[in-house]
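Report on the following structure.
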Amino acid sequence: MLSPATKRIMVVDDEHDIVAIIQNILKRYGYNNVDSFTNPIEALHEFEGANGSSYDNNRYDLLILDIRMPVISGYEFAKKAKSIDPKIKVILMTAFEIDDDKSRQDLPVMKYDELVKKPFALNSICKAVERQLASQ
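Under our numbering, the first residue of the sequence shown is numbered 1, with each subsequent residue one higher.
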């Protein structure tokens with residue numbers, strides 16, 4: 001398994017404070033290749049360029065996406081990302097109440113790997129990242 005320093009992570013949330021917090025905490029845990037975006041369209045273009053090519057060195061290993069964003073939701077982003085790179089790991093974030101038993105029914109039918117509820121404890125986002133990267 002690659003060390004955290006070699007993993008490439010993209011964080012997308014329309015709130016600048018959220019992406020800054022996640023980027024800073026992940027860097028403290030040794031994840032040095034963290035790109036953050038507050039514009040989901042710009043982020044999707046970056047992802048397409050990185051993961052849509054056959055060159056593996058610049059590929060993203062994990063996406064951390066807010067569900068509710070303007071222009072394109074985290075669901076839509078994840079669906080497009082999975083069509084470009086079916087192996088990409090996706091962590092979705094939401095500030096809205098979700099009942100675990102009910103979440104699979106209410107959430108759109110799409111493939112995501114983990115759901116994190118905001119506000120989250122800083123170490124919980126790191127643990128989610130560790131789980132997803134360890135399962136690659």
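Beta carbons: idealized from backbone N, C-alpha and C, even for Gly.
So what's residue i in DSSP terms, helix, strand or just coil?
i: residue 33; result: strand
i: residue 88; result: coil
i: residue 118; result: coil
Hey, residue i and residue j are a contact pair by Cβ (cut 8 Å); roughly how many whole angstroms apart?
i: residue 40; j: residue 11; result: No, residue 40 and residue 11 are not in contact; Cβ-Cβ is about 11 Å, not under 8 Å.
i: residue 85; j: residue 51; result: 4 Å
i: residue 122; j: residue 25; result: 5 Å
Below 8 Å between beta carbons: does that hold for residue i and residue j?
i: residue 8; j: residue 59; result: yes
i: residue 89; j: residue 113; result: yes
i: residue 62; j: residue 91; result: yes
So, for residue i: in the same chain, excluding its five sequence neighbours on each side, which residues have a beta-carbon less than 7 Å away from its beta-carbon?
i: residue 43; result: 10, 12, 37
i: residue 77; result: 12, 40, 44, 65
Using a Cβ-Cβ cut-off of 6 Å (strictly less than) and excluding sequence neighbours within five positions of residue i, which residues of its own chain qualify?
i: residue 94; result: 67
i: residue 1; result: Low confidence applies to residue 1: its pLDDT is 44, below 50, so where it sits in the model is not reliable, and the reading given next is rough at best. So the list is empty, once near-sequence residues are dropped.
If you drop the 5 nearest sequence neighbours on each side, which residues of the same chain put their C-beta closer than 8 Å to that of residue i?
i: residue 22; result: 11, 13, 34, 36, 64, 125
Jot down the residue ranges of each uninterrupted beta strand (DSSP E) in the region 3-81, minimum 3 residues, whole runs only, in chain order. DSSP assignment within the region 3-81 yields the following whole beta strand (DSSP E) runs of 3 residues or more, N-terminal first: 8-12, 33-37, 62-66.
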